[in-house]
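Novice: Let me give you the structure first, and then I'll get to my questions.
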Amino acid sequence: MHRSLLLALALPPLLHAAAPDWENPAVFQRNRLPAQATTMPYPDRATALAKARLESPWCQSLNGPWKFHYSGSQNGTPAGFEKPGFDTTAWKDIPVPSNWQLQGNGIPLYSGNTYPFAKNPPKVTDEPPANYTNHPAESRHPVGSYLRTFNLPADWQGRRTVIAFEGVDSAFDLWINGEKAGYSEDSRTTARFDITPLVKPGENAVAVQVHQYSDGSYLESQDTWKLSGIYRDVYLVSAPQIELTNHFLKADFTADGKGALDLKATLKNHEASPMKGRIMLELLDAAETQITFKEGTYDLTSGAEISIPLAATDLSIQGWSAEKPTLYRYVITLADEAGKPFACFSGKTGFRRDEIKDGKLLHNGQPVRLKGVVRHDHNPRTGHVMSVEDLRAELLMMKQANLNAIRFKHAPASPAFLDLCDELGFHVIDEPNLDSSGMGDDSLQLSADWKEARLERVKNLMERDKNHPSVIAWLPEAPAAKDGGGALSAWLRQNDPSRPTLAAGSTIPLLHSRALGNSMGGFTGSVTSDRFQGTFIEDWRDEILLQKQAATTAKPGPPRMTMVFGGDSGDQPNAGTACASGVISANQTTTPVFEEIKKDFQDIRTALVDGSGSNVKIRLSSDRFFTMTSDLKGSWKLLKDGKDVGQGELSFLNLAPQESRELTIATNVTPDPSGEYILRFRYDLKADTAWYPAGMPAAWDEIVLPWGKRPPAAPPQAGAKAAFSPDGPATAPLVRVTAGDTTAVLDKITGQITSLKRGGSEILLSPLRLDFWRVPTQTDKVLGVDRKSAVWRDAGANARIRQSEVKQDGNDVVIVTELDIPAGKSSAKVTWRFTGTGELLADADFRPDPSQPEIPRIGFTCSIPAGTGNWTWYGKGPHDNYADRQDGAWTTVHTGQIPALVHRYPVPQESGNRTNVRWSTFENPAGGNGLRIDATGDSLLEVSAMLGSPAEYEAAHRLSDLSRPDRITLHFDHRQMGVGGVDDVPRESAAQARLTTEKPYHWSFMLGTTHSAAPPALPRRIPGSPDKLPIPGLPREPRPFLPTLREHPRLP
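For reference, each letter of the sequence shown is one residue, going 1 to 1052 in the UniProt record's numbering.
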């Protein structure tokens, strides 16, 4: 063995000398090379420009099948497995990269920020509580042992051989050909080892032993799945003896709009003799036209390492921004003294200047708004393993949502992800793999024992990512952390003054919203608010796993994929369903929250200036900071009572950054005071982008014009007469009302409409009655709303009539009911008017007891057959919307089938609501009876549809627990409370979206039956969606686990 390597590995730690490396905070690496900027050597300039980083002929991937052995404890590991000739015939293969829990070894753990082992730093093998998954001694320290061989190419002889692991969780030992090569912690940055003295020509063996837990796990309590193994790329690199060990290329966007390059290249001489030569820096534009060329020299004694500066100023360039991510190629060439190149290195850079002035984050001199999300590596089938295609698809979907910023919440992404952020345009606040929040108040941040380990992780991140223009700031640890007295921030500011280092108390928002299930109420305006310079939403994606589940008696058939939350695999401790908190679903489809943030984050805004006449004056404003709006084409459409009455193109749309301009639109319409007018605007892309084809709306707005008022719905006038009689014996508590072929029955004890028939066919599967309850959302449960407001759960079902009156009023039958509501002294008066034409007009006055808690909803409910699934309504849509989350929905006549219109959250909860409803119908596509609901008063309705019953939803743990529904549960509400949830922890709805008991409520509606032979079949997709359009750069066919991106619906 090479003597210097042997010494490096043999040196004992000075602290915790008796502890193994994986329980010793003083040992976080052995023989690992210092962190460096991500790069790769190439043999020549042409190859450097033509090949991707891992396609270099001087790179050999070690991805693929490895031999694997799993043990639940260190005692069960195979002794001597790293030695040549070890028999692995009984071992199985495992793909690298992968997480071993998803390959049938151990179980996945989702414990939030809680450590899944006994908390006693630095130990991870103490006896945990009896209910913990790893309580048995034989399961307390899982270890994965990996083996494979590789062939060293003949032309790699006489060069340096380095092995690189981009991600191994949580710590690992490395052997080459049976000899110990090193040890590493920090599972989310690259670990590199110089194995030159250990390799030989031809076949070589590499052995890795991965520890699921280590003392480093105390610094990795991120709120994500705890998954283990070699989960990112592994590869060999052949480096020249004159090695570029690091480089820092600063591309500064100067105050005069020019570019300045500053390269510091670190070279090391591994030759036995002194070496002289040249180093060259070349900058190229996208067409590979040279922008500048600089040259320097080196003179290195054997073993020496020096830093060589090269600089260029006053360059004519374009700045990099998330709006226009202009990138330049750079090539660093190393040559001998005669000028003959022997190695080239290439990369991409962008010119930027990021700084904080007067409490504002400035990017290239502009106070950009951060429209961001928090994301972790997550794929529902492969865990933390994500291919480049997966990452690109994720980022393209973020672009569709108008996002421009990303946080990793203390879990650094891969180098490939940052490459894509550079290319597509995202502001990244970069964070080291450093989160000890699982310690609670017993923080490790001020502990001297952990100081060096924490600082090492900061160095690993900064050195790896410093050349990415997308990285605009560093965040050394959790915002609430004390940052070890400022040591981490101080190191970052000293070593990279070109970026701000954010810390606790920064005026830049680091986390603001959490998309926990059906939530994000009150989010609108967070970006434009003067209180914030933007926001970050946690999380981007539902972090749910999918696993095969065998058929059961209840659900026969082939094995199917089922959703897995914390605790579903027997993992303890666990954070349950908190992993279902994404803007998008786990399988990368949109949600109603996605539509809301897309609307709030759009770059173009439209406001009404003067709508008093047919010539409407509006103000267009651009939220962009760097680009014109010339890439968009504007149009308008005028609707009266939901029907098109005019449209046209916007005559001018070329706003400068942050510019506002007024336009006048000649609608050529004479306003009708008895109609409701809505003016809708859309701004379509003129050309294809990476994330949307031409013609898709990048932004839209709608304005209700003050021209008229919606006339209340009224029943048709007819000479027919309704009649009433007891339903059964004269003493029966039921009243039957008949009008033509429509019959209704009212229970004089409960006040419920127990039957509604047309042509003798029953429409209701459950009575039409008052209701004050909703299936709790995840936020409701976190906040305890379901417990605090439990009195309202059955209050509607258990209401009883105190007194009633039935009378004939001309052609109509009127039933007046006074009800006691079992929630304190709450009461209601409901007047039913049954018209001669078969309509039921309801007029409700609800008087809650002021001593009672807030009310989840106020309205009526019933259920109808599942086949009555064609839903049409005039109101907000097409997706779910609520009182405090409706800006992303537009007002028109929407139509479709309920399974496509109701978002089904992975955790069953309230869903399917529509606000501002003027009228709504539910019909059977096969023909027959249906229902129509109209708002008859001054206020509009909220209407919702749920597949199945609320009781089934409340009992279900996950969506797949629900059986095929036999009914649709409807709600016709005066109001439903908002969904709330905005802030870094769940928050209740804002006051205006709550239903207090401090005032009475009044509303009215008209309910009628419909009948048709067979209405036209309605689309199962959200109406208005375009045909499947190919997205450039994405596969046309759905991926096995990541469906093709869903296009944003075209506005009608």
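We put the beta carbon where it would ideally sit given N, CA and C, even for glycine.
Please report the straight-line C-alpha distance between Ile-406 and Tyr-692, rounded to a whole angstrom.
Specialist: For the purposes of this step, residue 406 is identified with residue 406 of the sequence shown, where counting begins at 1. For the purposes of this step, residue 692 is identified with residue 692 of the sequence shown, where counting begins at 1. Ile-406 and Tyr-692 have their C-alpha atoms roughly 20 Å apart.
Novice: Below 8 Å between beta carbons: does that hold for Pro-129 and Glu-355?
Specialist: Taking the sequence shown and counting its residues from 1, the one referred to as residue 129 is at position 129. Taking the sequence shown and counting its residues from 1, the one referred to as residue 355 is at position 355. Result no, Cβ atoms of Pro-129 and Glu-355 do not sit closer than 8 Å.
Novice: Could you give the C-beta distance for Ala-795 and Asp-884, rounded to a whole number, given that I count them as a contact under 8 Å?
Specialist: On the sequence shown, residue 795 is found 795 positions in, with the first residue counted as 1. On the sequence shown, residue 884 is found 884 positions in, with the first residue counted as 1. Contact doesn't hold; Cβ gap of about 23 Å is too wide.
Novice: For the alpha helix (DSSP H) containing Arg-454, name the first residue and the last one.
Specialist: What you label residue 454 is simply residue 454 of the sequence shown in a count that begins at 1. From DSSP, the alpha helix (DSSP H) with Arg-454 extends over 451-465.
Novice: Check whether the Cβ of Val-704 lies closer than 8 Å to any Cβ atom in chain D.
Specialist: This model lacks chain D altogether, as it is built from one protein chain only.
Novice: Distance check for Lys-598 and Ala-607, CA to CA, integer angstroms please.
Specialist: The residue you call residue 607 lines up with position 607 of the sequence shown. The residue you call residue 598 lines up with position 598 of the sequence shown. Each residue's Cα considered, the two are about 18 Å apart.
Novice: Ser-766: which of Ser-273, Thr-742, Thr-969 and Phe-834 sits nearest, CA to CA?
Specialist: As a first step, residue 766 is located in the sequence shown; it is residue number 766 there, counting from the start. Among Ser-273, Thr-742, Thr-969 and Phe-834, the Cα nearest to that of Ser-766 is on Thr-969.
Novice: With a threshold of 6 Å on Cβ separation, who are the neighbours of Gly-106 within its own chain once the five nearest residues in sequence on each side are excluded?
Specialist: Within the sequence shown, residue 106 is the residue found at index 106, counting from 1. So the qualifying residues of the chain are Pro-142.
Novice: Could you give the uninterrupted runs of the beta strand (DSSP E) lying entirely in the region 554-641, keeping only those of 3 residues or more?
Specialist: 560-564, 604-610, 615-622 and 632-640
Novice: What span of residues does the alpha helix (DSSP H) with Leu-783 cover, start to end?
Specialist: Within the sequence shown, residue 783 is the residue found at index 783, counting from 1. For Leu-783, the enclosing alpha helix (DSSP H) covers residues 778-783.
Novice: Tell whether a beta-carbon distance below 8 Å holds between Phe-1005 and Phe-972.
Specialist: Walking along the sequence shown from the start, residue 1005 turns up at place 1005. Walking along the sequence shown from the start, residue 972 turns up at place 972. Closer than 8 Å, so yes.
Novice: Under 8 Å between the Cβ atoms of Gln-103 and Ser-228?
Specialist: Sequence index remark: in the sequence shown, residue 103 carries index 103 (1-based). Sequence index remark: in the sequence shown, residue 228 carries index 228 (1-based). Not in contact: Gln-103 and Ser-228 (Cβ atoms no closer than 8 Å).
Novice: For the 8 Å Cβ check, are there 3 or more pairs between the region 160-169 and the region 229-249?
Specialist: yes
Novice: Return the bridge partner residues of Leu-931 from the DSSP annotation.
Specialist: Against the sequence shown, residue 931 aligns to sequence position 931. DSSP lists Phe-922 and Thr-1009 as partners of Leu-931.
Novice: Lys-294 and Leu-281 look like a contact to me (Cβ under 8 Å); what is the Cβ gap, rounded to whole Å?
Specialist: Position 294 of the sequence shown, counting from 1, holds the residue named residue 294. Position 281 of the sequence shown, counting from 1, holds the residue named residue 281. That pair is a contact at about 5 Å.
Novice: Please classify Phe-248: does DSSP put it in a helix, a strand, or coil?
Specialist: On the sequence shown, residue 248 is found 248 positions in, with the first residue counted as 1. Here Phe-248 sits in strand by DSSP.
Novice: Three-state secondary structure (DSSP) at Glu-910?
Specialist: Counting from 1 along the sequence shown, the entry for residue 910 is found at position 910. It is coil, neither helix nor strand.
Novice: Less than 8 Å between the CB atoms is what I'm expecting for Leu-962 and Pro-908, so what's the real figure, rounded?
Specialist: Reading the sequence shown from its first residue, position 962 is the one you call residue 962. Reading the sequence shown from its first residue, position 908 is the one you call residue 908. Between Pro-908 and Leu-962 the Cβ distance is about 6 Å, and since that is below 8 Å, they are a contact.
Novice: Using the C-alpha atoms, what's the distance from Gly-675 back to Gly-760?
Specialist: Looking up residue 760 in the sequence shown gives position 760. Looking up residue 675 in the sequence shown gives position 675. Answer to the nearest angstrom: the Cα atoms are 37 Å apart.
Novice: Here's the rule: buried if 16 or more other CB atoms are within 10 angstroms of the residue's CB, otherwise exposed. What is Val-609?
Specialist: Numbered from 1 along the sequence shown, position 609 holds the residue referred to as residue 609. Exposed.
Novice: Would you check if there are 3 or more beta carbon pairs closer than 8 Å linking the region 173-186 to the region 131-142?
Specialist: No: fewer than three Cβ pairs fall under 8 Å.
Novice: So, are the CB atoms of Ser-651 and Leu-620 less than 8 Å apart?
Specialist: Residue numbering aside, residue 651 sits at position 651 when the sequence shown is read from its first letter. Residue numbering aside, residue 620 sits at position 620 when the sequence shown is read from its first letter. Their beta carbons are not under 8 Å apart, which means Ser-651 does not touch Leu-620 by this criterion.
Novice: Hey, how far is the Cα of Asn-811 from the Cα of Ala-790?
Specialist: Locating residue 811 in the sequence shown gives position 811, counting from the first residue. Locating residue 790 in the sequence shown gives position 790, counting from the first residue. Those two C-alpha atoms are separated by around 42 Å.
Novice: What would DSSP say about Gly-773, mapped onto helix, strand or coil?
Specialist: The residue labelled residue 773 in the question sits at position 773 within the sequence shown. For the record, residue 773 in the displayed sequence is Trp; it is not Gly. It is coil, neither helix nor strand.
Novice: As a quick exercise: from Ala-487, Asn-668 and Thr-664, pick the residue whose alpha carbon is nearest that of Gln-445.
Specialist: Within the sequence shown, the letter at position 445 stands for residue 445. The option with the nearest alpha carbon to Gln-445 is Ala-487.
Novice: Name the DSSP beta bridge partners of Lys-757, please?
Specialist: Residue numbering aside, residue 757 sits at position 757 when the sequence shown is read from its first letter. In the DSSP assignment, Lys-757 forms a beta bridge with Thr-743 and Glu-762.
Novice: In this structure, does DSSP put Pro-325 in helix, strand or coil?
Specialist: To locate residue 325, count along the sequence shown from 1; it is residue 325. Pro-325: strand per DSSP, three-state reduction.
Novice: With a CB to CB cut of under 6 Å and the five nearest residues on each side skipped, what residues in its chain are close to Gly-182?
Specialist: Reading the sequence shown from its first residue, position 182 is the one you call residue 182. Closer than 6 Å at Cβ, skipping near neighbours: Arg-30, Asn-31, Arg-32, Leu-174 and Phe-193.
Novice: Identify the residues that DSSP records as bridge partners of Ala-191: which are they?
Specialist: Position 191 of the sequence shown, counted from the start, is the residue given in the question as residue 191. The partner list for Ala-191 (beta bridge, DSSP) reads Phe-165.
Novice: Could you tell me which of Arg-758, Leu-418, His-384 and Gly-888 sits nearest to Arg-464, measuring between CA atoms?
Specialist: Here the question's residue 464 lines up with position 464 in the sequence shown. Measuring from the Cα of Arg-464, the nearest candidate turns out to be Leu-418.
Novice: If you reduce the DSSP assignment to three classes, tell me which class Trp-91 lands in.
Specialist: Within the sequence shown, the letter at position 91 stands for residue 91. Coil.
Novice: Could you tell me which of Leu-261, Gly-522, Leu-420 and Met-561 sits nearest to Pro-325, measuring between CA atoms?
Specialist: Position 325 of the sequence shown, counted from the start, is the residue given in the question as residue 325. Taking only the C-alpha atoms, the option nearest Pro-325 is Leu-420.
Novice: Where does Asp-820 fall in DSSP's three states?
Specialist: If you number the sequence shown from 1, residue 820 lands on position 820. Asp-820 falls in the strand class under three-state DSSP.
Novice: Quick one: residues in its chain with C-beta nearer than 7 Å to the C-beta of Thr-777, no 5 flanking neighbours on either side, listed in chain order?
Specialist: The sequence position of residue 777 within the sequence shown is 777, counting from 1. Taken in chain order, the residues that qualify are Gly-517, Asn-518, Ser-519, Gln-909, Glu-910 and Val-979.
Novice: If you draw a straight line from the alpha carbon of Phe-165 to that of Ser-414, how long is it in whole angstroms?
Specialist: Within the sequence shown, numbered from 1, the residue matching residue 165 stands at position 165. Within the sequence shown, numbered from 1, the residue matching residue 414 stands at position 414. Roughly 11 Å separates the two Cα atoms.
Novice: CB Tyr-874 to CB Val-917, shorter than 8 Å?
Specialist: The sequence position of residue 874 within the sequence shown is 874, counting from 1. The sequence position of residue 917 within the sequence shown is 917, counting from 1. Taking 8 Å as the Cβ cut-off, Tyr-874 and Val-917 qualify as a contacting pair.
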